[in-house]
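Novice:
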Amino acid sequence: MAVTVYISCDSGALALGAERIAQVVSREAQQRGIDIRLIRNGSRGLFWLEPLVEVLTELGRVAYGSVQVHDVSGLFDSGFLSGSPHPLFLGLTEELPFFKKQQRLTFARIGLTDPVSLEDYLAHDGYRGLNNALTISGADIVRQVTDSGLRGRGGAAFPTGIKWNTVLNAEADQKYIICNADEGDSGTFSDRMVMEGDPFVLIEGMTIAGIAVGATQGYIYLRVEYPHAHKALNTAIAKAYAAGYLGQNIQGSGKTFDLEVRLGAGAYVCGEETSLMESLEGKRGLVRFKPPLPAISGLFGKPTIVNNVISLASVPIILDKGGEFYRDFGMGRSRGTLPIQLAGNIKCPGLVELAFGLTLRELLYDFGGGSASGRPIKAVQVGGPLGAYLPESQFDTPLDYEAFAAIWAVVGHGGIVVFDDTVDMAEMARYSMEFCAIESCGKCTPCRIGSTRGMEVLDDIINGRELNKNIPLLRDLCDTLLNGSLCALGGMTPYPVLSALNHFPLDFGLTDQADAA
């Protein structure tokens, strides 16, 4: 009987050599006359161990990592196909501390299955949520999502059930479901991992959303930099159509939902839902004025649900297990789990899915293992390039939307970028202004002009010119951006800039925080 070997096809693993490892393992087995069944699975999210090779044994899946080409012959010599010891032997994958302490709901299948195998998906509880949804009314589906406490995982954290209920009650001859898959924040990769590692869960979540609110057409707006996700999604969509999980008369229910992938052109601002819809309509990606809200007048002027990948991928387990099951995870108004991405100067980069409530310190040290350099961690940026920089004194803040808001920070998409004590925070503040200047759609003056002026002011500060004039000027400019910008790109740029100034005044040439005020 063939031995089953798993090697990831995730972009992160491929970047570290997984494709070459898969080729060498196959060739080595063939030369030795050994029959193996090689499955290209999604990544387990332990990226410091990629390329990770897993072997299915009687005890479970045994992991070896990180495997390099020159290790493959020795692995075969040691008998790794039966789970034998080797210097790269890690033990049972499910027992690795980084993995064992997680609470995987949305990521339950990722790393276990062949991502584009519908048979694998069904064998691991796939489409159970949709099957349940087909037996109840749209209002009952929306009620389950509302009861779950699910909030938008893209950054705004708006209650998903309220958005769905608005579209459900809107009168229109056509409604749309849009998945915002334009994941552009630094240090974020959970959306990509879902689309590459379990595309059917996103398809199922969007189908449930369509049936819930009476939408018959869905679009996945995918960033052009994700070619592997593009291929996996299109393959899975074709299989879902062939099996009757998409199209007309879904599973004999009389319900219709069509779905396709559309590629963006690389504009960061198209991660904002209204500029995304402009782009989908074939226009330049400019932010729209609100109101009207997309739930009332969205794509082509029709009621539209816009949710991000993780939000929609969380829906199937809610409809499978029930809203109360999902709500039992988390704290306060932050319910369920969040896939947290550890990146930057961190010893163990990767993805951690846990219920809301653990602290940054636990994430950084219990899971991340501290800095990769071995030096003290000076700051972490949570929530992408527009998130605040948090100092060590705030590392005990629990991961919770309201707790972060209380310290003028955001959870955002759950991306965490780590910096050790060699970072210059004034330079990081300038980078934030530069990022805004480059990515601004140009529609509103505060963002378009303010970000450029901000770079100039920060250049003066970094060069020590007239700090007593330029520090107040920077604060005044940030106030204008915060309160006058049309969307969050300009409106949130003050978060990283002011947090860097407030928490790390020495990097700005100031003697203490009182001077930074």
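Following this note's numbering, the numbering of the sequence shown begins with 39 at its first residue and continues without gaps.
Just so it is clear, CB atoms sit at the ideal spot from N, CA and C, and this is done for glycine as well.
Fair warning: this is a prediction, and the values are worked out from it, not measured in the lab.
1) Hey, G528 and C474 are a contact pair by Cβ (cut 8 Å); roughly how many whole angstroms apart?
2) Quick one: using the 10 Å Cβ neighbour count with 16 as the cut-off for buried, is K293 buried or exposed?
3) Among S116, E400 and E242, which has the Cα closest to the Cα of V347?
4) Given a cut-off of 8 Å, decide if A426 and P534 are closer than it, judged by their beta-carbon atoms.
5) Can you check which of these residues, I59, I415 and L271, is closest to S46 by C-alpha distance?
6) Let me confirm a value: Q286 is counted as buried when at least 16 other C-beta atoms fall within 10 Å, else exposed. Which label applies?
7) Expressed to the nearest angstrom, what Euclidean distance is found between the alpha-carbon atoms of V110 and G55?
8) Quick one: measure Cβ to Cβ for A267 and R230, integer angstroms, because I've assumed they're closer than 8 Å.
9) Out of L350, S317, N169 and S349, point me to the one whose CA is closest to G336's CA.
10) Note down the Cα distance separating I499 from N506, rounded to an integer number of angstroms.
11) On the DSSP letters alone, give me the boundaries of the alpha helix (DSSP H) that V91 sits inside.
12) State the start and end residues of the unbroken alpha helix (DSSP H) segment that holds T144.
13) Is L573 helix, strand or coil by DSSP?
14) Quick check: the Cα distance between A161 and V154, rounded to an integer number of angstroms?
15) At the level of alpha carbons, what is the spacing between G80 and W86?
16) What beta strand (DSSP E) runs, 3 residues minimum, are completely inside the stretch 100-154?
17) Does the Cβ-Cβ distance between G83 and T226 come in under 8 Å?
18) Near F196, which residues of its chain fall below 7 Å by C-beta distance, leaving aside the five closest residues on each side in sequence?
19) Please determine if the stretch 482-493 and the stretch 511-520 are in contact, where contact requires at least 3 C-beta pairs separated by less than 8 Å.
20) Of the choices V299, I415, F137 and S352, whose alpha-carbon is the least far from that of V239?
21) Tell me which residues share the same chain as I246 and place their Cβ nearer than 8 Å to its Cβ, disregarding the 5 neighbours each side in the sequence.
22) Is the stretch 319-330 in contact with the stretch 212-225, if contact means three or more CB pairs nearer than 8 Å?
23) Considering only the alpha carbon of each residue, which of L424, A464, S470 and D458 lies closest to V448?
24) Roughly how many whole angstroms lie between the Cα atoms of L398 and L437?
25) List the endpoints of the continuous beta strand (DSSP E) containing R300.
26) Less than 8 Å between the CB atoms is what I'm expecting for P377 and S186, so what's the real figure, rounded?
27) Can you tell me the Cα-Cα spacing of P125 and L90, whole angstroms?
28) Find out if the Cβ-Cβ distance for the pair G129, V105 is shorter than 8 Å.
29) Hey, F405 and V390 are a contact pair by Cβ (cut 8 Å); roughly how many whole angstroms apart?
30) Quick check on W446: buried or exposed, where buried means 16 or more other Cβ atoms within 10 Å of its Cβ?
31) Measure the Cβ-Cβ separation of T144 and T375 and say whether it is below 8 Å.
32) Going by other Cβ atoms of all chains shown within 10 Å of its Cβ, with 16 needed for buried, is D514 buried or exposed?
33) Residues bridged to F338 by DSSP?
34) Out of curiosity, what's the CA-to-CA distance linking I72 and I275?
35) Quick check on the DSSP output: the alpha helix (DSSP H) that includes V495 runs from which residue to which?
36) Taking the alpha-carbon positions, what's the L314 to G117 distance?
Specialist: If we stick to the structure as given:
1) 6 Å
2) buried
3) E242
4) yes
5) I59
6) exposed
7) 13 Å
8) 6 Å
9) S317
10) 10 Å
11) Taken as a continuous stretch (DSSP letters only), V91 belongs to no alpha helix (DSSP H), being part of the beta strand (DSSP E) at V91 to T95.
12) Note, T144: premise wrong, no alpha helix (DSSP H); not H, not E.
13) Residue 573 lies beyond the range of the chain shown here (39 to 555); nothing can be said about it.
14) 13 Å
15) 15 Å
16) 127-130
17) no
18) R189 and G190
19) yes
20) S352
21) G167, L168, A171, I179, V353, P354 and L357
22) no
23) L424
24) 7 Å
25) D296 to L301
26) With 8 Å as the limit, P377 and S186 do not qualify as a contact, their Cβ atoms being about 16 Å apart.
27) 14 Å
28) no
29) 5 Å
30) exposed
31) yes
32) exposed
33) Paired residue(s): none; F338 is not in a bridge.
34) 35 Å
35) T483 to I500
36) 52 Å
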